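Reading through the structure tokens given below for one structure.
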Amino acid sequence: MEKIGIIGCGISGMTLAKKLREAGAAVEIFEKEKAPGGIARGFKAEGWQDSVEFFYHHWFQKDHDLLGLIEELGLKDRVKFRTPKTVMYHKGKFYPFDTIPAAIAYPGLGFGIHKVRFGLAGVYLKLTKNWQALEKVTAKEWMTKYAGEFAYKTMWEPMMLGKFGSEYADRVNMAWLWARIYSRTTSLGTFDGGMQDLYDIFAAKLKDAGVKIRFGAMVNAIEQADYGKFRLSGEGEQWSDFDKVIVTTSPQSMLGLCDALPEGYKSQLAELKHLGAVVLCVRLKQPLSPQGYYWYNLPKSEGYPFLALVEHTNFVPKERYNNETIIYAGDYLPRGHEYFSLSADELLKKLIPGFRKINPDFSEDWIIGASKFAADYAQPVPFINHSKAIPAMKTPIDGLYFVSMSQIYPWDRGMNFAVRWANQLAEQVLGNRE
Ligand SMILES: Cc1cc2nc3c(=O)[nH]c(=O)nc-3n(C[C@H](O)[C@H](O)[C@H](O)COP(=O)(O)OP(=O)(O)OC[C@H]3O[C@@H](n4cnc5c(N)ncnc54)[C@H](O)[C@@H]3O)c2cc1C
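With the numbering used here as the guide, the letters of the sequence shown map in order to residues 23 to 456.
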């Protein structure tokens, strides 16, 4: 029986483990944290029925790979789709922007030529599948040319700046923006009980099927013995005799794990750029959004100290959280930004003016508590012709594989694609495809 080691117990690692175990392999997962779920995992405060994710998460109706996996796990009935409201800013007010009629009514583009060009470009992007042509230009160039400079500056530039910062916003390719427009739905899904329940049940099912999962097991090095088998080293521990090893961490972590990788592959990993994320999850005694909105896209140029305000309890009923209101204030930021080093309370102080801009009645008395979550590796950045820069999942070392959010393309990183890529990689590992 082939012995396969998987580093990481996020959705990719668990999907790989399922496929490989079903094919008869002996599978062992190594996870540095104490629980499964990776960057999509969550927590539950006392008195709550459901968990919330550390970083806001929802699914789309087109997420067929993920929804198919959940169905295979026998948990389809626990997926709940709802249609909460997403809003955009214009001159001090927020307007719904998640349906075609709402986009037509949005005043930011006026009602003349700008809106017509914006609409036509949007229709084209919803219909075309030719992302290969779109990755040759930047989103800025394409949108300015077809939707018009006014529409780009009003609609897309604030989002690109928020997501990628001034260093990268103008360099991201159009295929990335196409994929976001193409694949999103207004109905958003989540897991009844919170997504952490899904990962806990998935991990328990894997264990029942014979997969060994080691939590609190940080892997520091991967080496290959003379006789070809792999050895993993952790803190004072070693695990040996793996025929194959699959790494599901970040490119930077992969670089540190395996010295023996050839220089060409290492430099491909090193060239991949990404941003981190900092999120403050705040528990309130009463709702923040006066209109019951779920997702606020915020322009930093208007003085908002974060990119998105997400009122989770306008998506999942607050009764599940002991009637508390749960909001997230989130941002994508380069490592080194001061938000990474602030405590939750310090960050809260910086963000409160943003809460007041959304609801002038907001009072600090409403706050029950705040938790800060930060990740160095949160949003890969795809430049022009990114498809040619992606390192192969099969590394040049025979038997060693790597899959990460940076290889998911042209789609934006997301759990659905993590599942799809993991399924494809499992086929490669099993020798069923190149
Ligand atoms: C802010 C934010 C919002 C998001 N929103 C959404 C959303 O709304 N919808 C959606 O579908 N997706 C969303 N995503 C993306 C989604 O979270 C990811 O696509 C998915 O969770 C990636 O899963 P993964 O298993 O590939 O990686 P990860 O979840 O990162 O798993 C990797 C695992 O490896 C472990 N690990 C790392 N190094 C080591 C080591 N040396 N030894 C042992 N273990 C190690 C980590 O602890 C982790 O558990 C969001 C991501 C972020 C950051």
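All C-beta atoms in this analysis are idealised placements derived from N, C-alpha and C, irrespective of residue type, glycine included. Please read all numbers here as calculations on a predicted model, not as lab measurements.
Open item on the list: Within the continuous beta strand (DSSP E) that includes P123, where are the two ends?
Closed with: Mapped onto the sequence shown, residue 123 falls at position 101. From DSSP, P123 is part of no beta strand (DSSP E) but of the alpha helix (DSSP H) over 122–127.
Open item on the list: Quick check on I406: does DSSP put it in helix, strand or coil?
Closed with: Translated into positions along the sequence shown, residue 406 becomes position 384. Reduced to three states, the DSSP call for I406 is coil.
Task: Contact test: E53 Cβ vs ligand 1 heavy atom, cutoff 7 Å - done: Taking the sequence shown and counting its residues from 1, the one referred to as residue 53 is at position 31. Within the cutoff, so yes.
Task: Helix, strand or coil at F65 according to DSSP, with G and I counted as helix - done: Translated into positions along the sequence shown, residue 65 becomes position 43. Reduced to three states, the DSSP call for F65 is strand.
Open item on the list: Please list the terminal residues of the continuous beta strand (DSSP E) segment that includes K288.
Closed with: Start at 1 with the first residue of the sequence shown, and residue 288 comes out as number 266. Residue range 285–293 is occupied by the alpha helix (DSSP H) that includes K288, with no beta strand (DSSP E) assigned at that position.
TODO: Please list, in chain order, all residues of the same chain as G215 whose beta carbon is under 6 Å from its beta carbon, the five residues on each side excluded.
DONE: The residue labelled residue 215 in the question sits at position 193 within the sequence shown. Short of 6 Å from the beta carbon of G215, and not among the five residues preceding or following it, lie these beta carbons of its own chain, in chain order: D72.
TODO: Kindly indicate which residue of V451, V267, I244 has the alpha-carbon position closest to the one of E259.
DONE: Along the sequence shown, read from residue 1 onward, the residue named residue 259 stands at position 237. Selection V451, V267, I244 evaluated against E259 yields I244 as nearest (Cα-Cα).
Open item on the list: Ignoring anything shorter than 4 residues, give me the alpha helix (DSSP H) runs that lie fully in the region 77–131, in order along the chain.
Closed with: Runs of the alpha helix (DSSP H) lying entirely within the region 77–131, each at least 4 residues long, are 86–94, 122–127 in chain order.
TODO: State yes or no: is the C-beta of T108 nearer than 7 Å to some heavy atom of ligand 1?
DONE: Against the sequence shown, residue 108 aligns to sequence position 86. Every heavy atom of ligand 1 is 7 Å or more from the Cβ of T108, so no.
TODO: List the whole-angstrom C-beta distance separating K158 from I406, where the pair is believed to meet the contact cut-off of C-beta under 8 Å.
DONE: Counting from one through the sequence shown, the residue named residue 158 turns up at place 136. Counting from one through the sequence shown, the residue named residue 406 turns up at place 384. Contact holds; Cβ gap of about 6 Å.
Open item on the list: Based on DSSP bridge pairs, tell me the residues matched to H296.
Closed with: Along the sequence shown, read from residue 1 onward, the residue named residue 296 stands at position 274. Bridge partners of H296: P402.
Open item on the list: Taking the straight line between their C-alpha atoms, what separation do you get for G421 and F252?
Closed with: Taking the sequence shown and counting its residues from 1, one reaches residue 421 at position 399. Taking the sequence shown and counting its residues from 1, one reaches residue 252 at position 230. The straight-line gap from Cα to Cα measures roughly 9 Å.
- [ ] Locate the alpha helix (DSSP H) running through G141, then write down its first and last residues.
- [x] Looking up residue 141 in the sequence shown gives position 119. Going by DSSP, G141 is part of the alpha helix (DSSP H) stretching over 135–149.
Open item on the list: Less than 8 Å between the beta carbons of D62 and E75, yes or no?
Closed with: Position 40 of the sequence shown, counting from 1, holds the residue named residue 62. Position 53 of the sequence shown, counting from 1, holds the residue named residue 75. Checking the sequence shown, residue 62 turns out to be Ala, not Asp. For the 8 Å CB-CB criterion, A62 and E75 form a contact.
Task: Cβ contact (3+ pairs, closer than 8 Å) linking the region 317–326 and the region 274–292 - done: No: the two stretches stay apart, fewer than three of their Cβ pairs being nearer than 8 Å.
Task: Segment limits, alpha helix (DSSP H) that includes D367 - done: Within the sequence shown, the letter at position 345 stands for residue 367. D367: member of the alpha helix (DSSP H) spanning 366–380, first to last residue.
Task: CA-to-CA distance, M177 to N438, given in whole angstroms - done: Within the sequence shown, residue 438 is the residue found at index 416, counting from 1. Within the sequence shown, residue 177 is the residue found at index 155, counting from 1. Going from the Cα of N438 to the Cα of M177 covers about 26 Å.
- [ ] Using alpha carbons as the reference points, say which of Y128, N344, S34 lies closest to D87.
- [x] The residue you call residue 87 lines up with position 65 of the sequence shown. Closest option to D87, Cα to Cα, is S34.
- [ ] Identify, in the order they occur along the chain, each residue of the same chain with its Cβ nearer than 7 Å to the Cβ of P284, setting aside the five sequence neighbours on each side.
- [x] For this step, residue 284 is matched to residue 262 along the sequence shown. For P284, where only same-chain residues beyond five positions count, the Cβ hits under 7 Å are P418.
- [ ] Provide the residue span of the alpha helix (DSSP H) that contains E54, from first to last.
- [x] Within the sequence shown, numbered from 1, the residue matching residue 54 stands at position 32. Correcting the residue type first, residue 54 is Lys in the shown sequence and not Glu. Counting along the chain, no alpha helix (DSSP H) covers K54, and no H or E run does either.
Task: Status (buried if at least 16 other CB within 10 Å, exposed otherwise) for M23 - done: Translated into positions along the sequence shown, residue 23 becomes position 1. Exposed, because fewer than 16 other Cβ atoms sit within 10 Å of the Cβ of M23.
Open item on the list: Is any non-hydrogen atom of ligand 1 found closer than 7 Å to the C-beta of G35, if you look at the structure I gave you?
Closed with: Position 13 of the sequence shown, counted from the start, is the residue given in the question as residue 35. It does: the Cβ of G35 is within 7 Å (strictly closer) of some heavy atom of ligand 1.
- [ ] May I ask you to report which of helix, strand or coil DSSP gives K28?
- [x] Mapped onto the sequence shown, residue 28 falls at position 6. It is worth fixing the name first, because residue 28 is Ile in this sequence and not Lys. Three-state result, I28: strand.
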